[in-house]
Structure formats: C-alpha cells, structure tokens
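Okay, so the sequence shown: first residue is 1 according to UniProt numbering, each after it adds one.
For reference, the structure is listed below as structure tokens.
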Amino acid sequence: MPDTNTGDAQALAERLRERVSGQPFECKEVKTEMTVSIGLSFDIGEGGIPELIEAADLALYQAKNRGRDRVVIFSDVGDF
1 MPDTNTGDAQ ALAERLRERV SGQPFECKEV KTEMTVSIGL SFDIGEGGIP
51 ELIEAADLAL YQAKNRGRDR VVIFSDVGDF
C-alpha cells in the first residue's frame with residue numbers, strides 16, 4: 001500500500017483480520033473457522049523491495065509465534 005502511513009495500514013489490516021475471523025468457512029461439508037496473521041513493514045532501506053518483503057515476512061512469523069490472529073509491524077518485532 002504505497003503512500004500509506006503506519007496507522008492507516010495497521011487499521012486496514014486489523015479490519016481485514018477481524019472480518020475474516022468472524023466468518024465461518026465451509027469446504028466439502030467440513031465447517032471451520034479461519035484466522036489471519038499479518039506482518040507489516042514500511043521503511044525501504046538500501047536493500048529496497050526485497051528488504052521490505054523480508055521485514056514483512058519476519059513480522060508475519062512473529063505474529064504467528066505470538067499466537068496467531070494478529071497484526072504485527074516489523075518495528076514491533078524486536079529480537080527473535
């Protein structure tokens with residue numbers, strides 16, 4: 001989401017997470033619920049887009065490690 005500030009991006013990600021989490025999911029007569037974990041990153045350093053994607057991926061895995069169904073911003077990740 002180019003030109004989106006941290007707060008707006010986090011708010012959109014939270015709305016998406018909440019909307020998915022509140023819906024039942026059915027596939028081949030099996031009913032279940034889904035959750036969404038989202039990792040966000042914002043600053044493009046000298047590494048460019050690959051570094052941005054790597055940071056978002058690290059934030060995503062931290063979201064999963066913290067219990068899933070959450071949004072984590074790369075700056076919130078800290079040490080792994």
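Cβ coordinates follow ideal geometry from the N, Cα and C atoms, glycine included.
Checklist entry - beta strand (DSSP E) containing Val30: first to last residue? => result Within the sequence shown, the letter at position 30 stands for residue 30. From DSSP, the beta strand (DSSP E) with Val30 extends over Val30 to Glu33.
Item to check | Proximity below 8 Å, CB of Ala9 to CB of Ser37 | outcome: Residue numbering aside, residue 9 sits at position 9 when the sequence shown is read from its first letter. Residue numbering aside, residue 37 sits at position 37 when the sequence shown is read from its first letter. No.
Next on the checklist: Which residues does DSSP list as the beta-bridge partners of Ile38?
Outcome noted: On the sequence shown, position 38 is the one that residue 38 refers to. Bridge partners of Ile38: Val71.
Checklist entry - What are the boundary residues of the alpha helix (DSSP H) that Asp54 is part of? => result What you label residue 54 is simply residue 54 of the sequence shown in a count that begins at 1. In the sequence under discussion, the amino acid at residue 54 is Glu, which differs from the Asp named in the question. Per DSSP, Glu54 belongs to the alpha helix (DSSP H) from Gly48 to Asn65.
Next on the checklist: If I measure Cβ to Cβ from Val72 and keep anything under 6 Å in the same chain, skipping five residues before and after, which residues do I get?
Outcome noted: As a first step, residue 72 is located in the sequence shown; it is residue number 72 there, counting from the start. The residues are Gly39, Ala59, Gln62 and Ala63.
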